[in-house]
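*Asks:*
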Amino acid sequence: MSTCYLKAYMKTMDSFSDKDYLLSTILYSIAPTLAGEKVSSLVNFNKTRKRDLYNFWMEYKEEIIDVLNIEYFELKKTENMCVVLFYNHNQLTDILSNARNQKFLSRFNYSNFDSNIECLGMLKERYENLCPHEIGIFLGYPLKDVIDFVECPNKQCLLLGYWKVYNDIKDAQIKFNKFDSIKDKVVYLTVQGTEPSQILSYI
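Just so we're on the same page, the numbering used here is the position in the sequence shown counted from 1, plus 11.
(1) What's the call for D156, buried or exposed, on a 16-neighbour Cβ count within 10 Å?
(2) At a cut of 8 Å, does the stretch 108-119 reach the stretch 51-70 through at least three beta carbon pairs?
(3) Taking the straight line between their C-alpha atoms, what separation do you get for C130 and C142?
(4) Kindly confirm or deny that the stretch 124-139 and the stretch 27-47 touch, where touching means at least three C-beta pairs closer than 8 Å.
(5) Quick check: is any heavy atom of the ligand SAM less than 7 Å from the C-beta of E85?
(6) Can you tell me whether G204 is buried or exposed, with buried defined as 16 or more other CB within 10 angstroms of its CB?
(7) Could you check whether E48 and I193 sit closer than 8 Å to each other, using their CB atoms as the reference points?
(8) Would you mind sorting Y213 into buried or exposed? The rule is 16 or more other CB atoms within 10 Å of its CB.
(9) Looking only at its chain, what residues have a beta carbon closer than 6 Å to the beta carbon of V95, apart from the 5 residues adjacent to it on each side?
(10) What is the residue span of the alpha helix (DSSP H) that S117 lies within?
(11) Just mark A183 as buried or exposed, buried being the case when its beta carbon has 16 or more other beta carbons within 10 Å.
(12) In terms of residues, what are the limits of the beta strand (DSSP E) holding F190?
(13) In its own chain, which residues sit with a C-beta less than 7 Å from the C-beta of N127, not counting the 5 before and 5 after it?
(14) Have a look at V198, F97, G172 and flag the residue whose alpha-carbon is nearest the alpha-carbon of K22.
(15) As a quick exercise: from V176, K186, L64, pick the residue whose alpha carbon is nearest that of S28.
(16) When the Cα of I41 is compared with those of N91, N80, E139, which residue comes out closest?
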């Protein structure tokens, strides 16, 4: 994606109403998840940007979710920011049903893997101080890469993209390229004048 196109995208975004600005921000951030290519995406809404995404989210989130038709869970909320996990319910259920993932997560006191909400509740509890490393499982990162990140902090990663890749570079690069392509499409459609509420049908 060229710099000129990105500048045009930001200029278009600046002209949006508060609700459309929020919707466009979310569409771009979680596009791979909306396309079904990624189980979940994490978005941080805060007050430090040029426009107040935190208050936009608090005001419009129910309307936005109706448009996106996706599940969400607020992992952490303070006076100035809110960290939200947007996720595909069935895909997250599959991940939490995986025996190897369960064995890893049980080390951090996760137990009821039949309930996405209970597992997300535990993730939220562990998120109170620092972002817990096992969040990678919820984001769909390969278990081997999550384990290496947790257990081998000094290990050199082979590729850095949506996550730190320590093992299968080829598979990760294919996924990264696919994610980027989906997000680029959101930028293209926005610049071409497609209404934010209509972009979802093209992803």
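Using N, Cα and C, we set each Cβ at its ideal position, and we do this for glycine too.
*Replies:* Let's see:
(1) Taking the sequence shown and counting its residues from 1, one reaches residue 156 at position 145. D156 should be labelled buried.
(2) No, the stretch 108-119 is not in contact with the stretch 51-70.
(3) Your numbering for residue 130 matches position 119 in the sequence shown. Your numbering for residue 142 matches position 131 in the sequence shown. Taking the straight line joining both Cα atoms gives about 15 Å.
(4) Under the 8 Å Cβ criterion, the stretch 124-139 does not count as touching the stretch 27-47, having fewer than three qualifying pairs.
(5) As far as ligands go, the structure on display features none, and thus does not contain the ligand SAM.
(6) As a first step, residue 204 must be located in the sequence shown, where it is residue number 193. Around the Cβ of G204, a 10 Å sphere holds fewer than 16 other Cβ atoms; the residue is exposed.
(7) In the sequence shown, counting from the first residue as 1, residue 193 sits at position 182. In the sequence shown, counting from the first residue as 1, residue 48 sits at position 37. Cβ distance < 8 Å, so I193 and E48 count as in contact.
(8) Along the sequence shown, one-based indexing puts residue 213 at 202. In the assembly as shown, Y213 is an exposed residue. Its beta-carbon has fewer than 16 other beta-carbons within 10 Å.
(9) Taking the sequence shown and counting its residues from 1, the one referred to as residue 95 is at position 84. Closer than 6 Å at Cβ, skipping near neighbours: V54, Y83, E85.
(10) Along the sequence shown, one-based indexing puts residue 117 at 106. Counting along the chain, S117 falls outside any alpha helix (DSSP H), and DSSP gives it neither H nor E.
(11) Working through the sequence shown from its first residue, we reach residue 183 at position 172. Around the C-beta of A183, 16 or more other C-beta atoms lie within 10 Å, and the residue is accordingly described as buried.
(12) Counted from its first residue, the sequence shown places residue 190 at position 179. Not the beta strand (DSSP E): F190 falls in the alpha helix (DSSP H), residues 180-202.
(13) Working through the sequence shown from its first residue, we reach residue 127 at position 116. Here the set comprises H100, L103, T104, L107.
(14) Your numbering for residue 22 matches position 11 in the sequence shown. For the residues V198, F97, G172, the minimum Cα distance to K22 belongs to V198.
(15) On the sequence shown, residue 28 is found 17 positions in, with the first residue counted as 1. With distances taken between Cα atoms, S28 lies closest to L64.
(16) On the sequence shown, position 30 is the one that residue 41 refers to. Nearest Cα to I41 within the set N91, N80, E139: N80.
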